[in-house]
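Structure follows, in structure tokens:
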């Protein structure tokens, strides 16, 4: 199994020098808002990235707070400082919760057997892994042992997304081969590049780099020395790319499910029935399908399915039971 890299974060002063500020200036700014509690620099600067135009992101852990409060925007010269408040008990709560999630050891790292981190949770949880204390007397937000307990669930969230992105790329390949309207090798190549980024994201997280923000992925990959997949549609139908996740194309088609899109509703206007999607777009015709993608592909063409996904009539999701079965030894 690939070992987890404990990336050494910069100290707050070093990180803030990138934007011409000091830890003292930021803590004074936070004090003006009467936010009391341990204060941490998070985001790209805390992860060792960022540039002179980066925002400064600060999280404050406040006793007695039940829900997050944010964002409080401040400006120091041309630099935006974003301060968010979080319940002080949340870090320990998440460690306790995620420590109990069973994991599988894969060639690239440890993965939770069950999904345990939602998209909204991922944002702040990932930032806390790389958080840098702003005050000299404040310790690290998570210990190395606690980070090890958190990573498998964070990796699983990326794995599920990578499986869905790869499924879309596989569909695009088939649609292109069948000459479906609007689907070209260029479109397929774009989707394969997106799938490759998803695979790299999984490997970065498994190695201990969970920096948020897709724009930092190339820098993270270089820092970890990960090999880059070839761009564009793979000649082997994605087998090599998926092997980096210990998956196969046929396995992805079984593990990803088609279901009615979230937020759908029916409407009757002037005696006609319409389907309304989550973007409030109305349709007089739509596709209804549900089940494993491998089976649904036997009922509908890949081009028709892709159109339904693009129109938010159908969604693709990783089936947690199938993924768990595949991850278990």
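In our numbering, the protein residues as written are 90 to 418.
The C-beta atom is built at its ideal place from N, Cα and C for all residues, glycine as well.
message: Is the separation between the beta-carbon of residue 392 and that of residue 305 shorter than 8 Å?
response: The residue given as residue 392 occupies position 303 in the chain shown. The residue given as residue 305 occupies position 216 in the chain shown. The answer is no: Cβ separation not under 8 Å.
message: For a test of the three-state rule: what should DSSP assign to residue 404, helix, strand or coil?
response: Residue 404 sits at position 315 when you count from the first residue of the chain shown. It is a strand residue.
task: Please classify residue 91: does DSSP put it in a helix, a strand, or coil?
output: As a first step, residue 91 is located in the chain shown; it is residue number 2 there, counting from the start. Confidence at residue 91 is low in this model, with a pLDDT of 48, below 50, so its placement is unreliable and no value can be given for it.
- prompt: Three-state secondary structure (DSSP) at residue 452?
  reply: The requested residue 452 does not occur in the structure, where the chain is confined to residues 90 to 418.
According to DSSP, residues forming a beta bridge with residue 201: Against the chain shown, residue 201 aligns to sequence position 112. BP columns for residue 201 point to 192.
- prompt: Per DSSP, residue 158 forms a beta bridge with which residues?
  reply: One-based indexing of the chain shown puts residue 158 at position 69. Per DSSP, 174.
query: Can you name, in chain order, every residue of its own chain whose Cβ lies under 7 Å from the Cβ of residue 302, other than the five neighbours on each side?
result: As a working mapping, residue 302 is identified with position 213 in the chain shown. Closer than 7 Å at Cβ, skipping near neighbours: 133.
- prompt: So, helix, strand or coil for residue 148, using DSSP?
  reply: Counting from 1 along the chain shown, the entry for residue 148 is found at position 59. Strand.
- request: Rounded to whole angstroms, what's the CA-CA distance from residue 108 to residue 115? Just pull it up for me.
  value: Within the chain shown, the letter at position 19 stands for residue 108. Within the chain shown, the letter at position 26 stands for residue 115. When rounded, the distance between both Cα atoms is 12 Å.
query: Should residue 402 go down as buried or exposed, given a rule of 16 or more other Cβ atoms within 10 Å for buried?
result: Taking the chain shown and counting its residues from 1, the one referred to as residue 402 is at position 313. It is buried - the Cβ of residue 402 has at least 16 other Cβ atoms within 10 Å.
field: Start-to-end residues for the alpha helix (DSSP H) that takes in residue 247
entry: The residue you call residue 247 lines up with position 158 of the chain shown. Unbroken alpha helix (DSSP H) run through residue 247: 233-266.
query: Alpha carbon to alpha carbon, how far is residue 192 from residue 362?
result: Translated into positions along the chain shown, residue 192 becomes position 103. Translated into positions along the chain shown, residue 362 becomes position 273. Residue 192 and residue 362 have their C-alpha atoms roughly 47 Å apart.
query: Roughly how many whole angstroms lie between the Cα atoms of residue 90 and residue 167?
result: Reading the chain shown from its first residue, position 1 is the one you call residue 90. Reading the chain shown from its first residue, position 78 is the one you call residue 167. At residue 90 the pLDDT is 38, less than 50, meaning the model places this residue with poor confidence; the figure from the coordinates comes in the next sentence. Going by the C-alpha atoms only, they are around 45 Å apart.
message: Closer than 8 Å is the cut-off here; do at least three beta carbon pairs connect the stretch 118-134 with the stretch 157-176?
response: yes
message: Between which residues of its own chain and residue 292 is the CB-CB distance below 6 Å, once the five residues before and five after are set aside?
response: Position 203 of the chain shown, counting from 1, holds the residue named residue 292. Correct list, in chain order: 197 and 315.
message: Output needed for residue 150: all residues of its chain with C-beta closer than 6 Å, excluding positions within five of it in sequence on either side, in chain order.
response: Residue mapping note: residue 150 aligns to position 61 of the chain shown, counting from 1. Contacts found: 126, 127, 175 and 177.
message: For the stretch 276-291 against the stretch 335-346, do three or more pairs of beta-carbon atoms, one drawn from each stretch, fall closer than 8 Å, so that the two count as touching?
response: Contact annotation: the stretch 276-291 does not touch the stretch 335-346, with fewer than three C-beta pairs closer than 8 Å.
- request: Classify residue 299 as helix, strand or coil using the three-state DSSP reduction.
  value: Here residue 299 refers to the residue found at position 210 when the chain shown is read from its first residue. It is coil, neither helix nor strand.
CA nearest to the CA of residue 404, picked from 227, 294, 101 and 380: Locating residue 404 in the chain shown gives position 315, where the first residue counts as 1. Selected option, being the one with the closest Cα: 380.
- request: Specify whether the stretch 232-240 and the stretch 316-326 touch according to this definition: at least 3 beta carbon pairs, one from each stretch, less than 8 Å apart.
  value: no
message: Out of 389, 130, 335 and 356, which one is the CA nearest neighbour of residue 248?
response: Locating residue 248 in the chain shown gives position 159, where the first residue counts as 1. The candidate whose alpha carbon is nearest that of residue 248 is 335.
message: Alpha carbons only, please: which of 144, 310, 162 and 179 is nearest the one belonging to residue 156?
response: As a first step, residue 156 is located in the chain shown; it is residue number 67 there, counting from the start. It is 179 whose Cα lies nearest to the Cα of residue 156.
message: Can you list, in chain order, the residues of its chain with a C-beta nearer than 6 Å to that of residue 199? Leave out the 5 residues immediately preceding and following it.
response: The residue given as residue 199 occupies position 110 in the chain shown. Correct list, in chain order: 192 and 241.
task: Give me whichever residues DSSP pairs with residue 358 in a beta bridge.
output: For this step, residue 358 is matched to residue 269 along the chain shown. Beta-bridge pairing links residue 358 to 361.
task: Quick one: using the 10 Å Cβ neighbour count with 16 as the cut-off for buried, is residue 152 buried or exposed?
output: Position 63 of the chain shown, counting from 1, holds the residue named residue 152. It counts as exposed.
Residues that residue 114 bridges to, as DSSP identifies them: For this step, residue 114 is matched to residue 25 along the chain shown. Answer is none; residue 114 lacks a bridge partner.
- prompt: Taking all protein chains shown into account, do 16 or more other C-beta atoms lie within 10 angstroms of the C-beta of residue 246, making it buried, or fewer, making it exposed?
  reply: Position 157 of the chain shown, counted from the first residue, corresponds to residue 246. That one is buried.
message: If I follow the unbroken beta strand (DSSP E) through residue 345, where does it start and stop?
response: Position 256 of the chain shown, counting from 1, holds the residue named residue 345. Segment 345-349, the beta strand (DSSP E) holding residue 345.
- prompt: Which value, in whole angstroms, describes the spacing of the CA atoms of residue 206 and residue 105?
  reply: Residue mapping note: residue 206 aligns to position 117 of the chain shown, counting from 1. Residue mapping note: residue 105 aligns to position 16 of the chain shown, counting from 1. So the two alpha carbons sit approximately 30 Å from each other.
Cβ contact (3+ pairs, closer than 8 Å) linking the stretch 213-233 and the stretch 349-366: Segments in contact, no.
- prompt: Whose C-beta lies closer than 8 Å to the C-beta of residue 366 among residues of the same chain, with five residues either side of it excluded?
  reply: Within the chain shown, numbered from 1, the residue matching residue 366 stands at position 277. The residues 350, 352, 353, 372, 400, 401 and 402, in chain order, have a CB closer than 8 Å to that of residue 366 in the same chain once the five nearest residues on each side in sequence are set aside.
task: Check the C-beta distance from residue 411 over to residue 344 and give it rounded, since I have them as a contact under 8 Å.
output: Sequence index remark: in the chain shown, residue 411 carries index 322 (1-based). Sequence index remark: in the chain shown, residue 344 carries index 255 (1-based). Indeed, because the Cβ distance is near 4 Å, the residues count as touching under 8 Å.
field: Where residue 99 falls: helix, strand or coil (DSSP)
entry: By one-based count along the chain shown, residue 99 stands at place 10. Three-state result, residue 99: coil.
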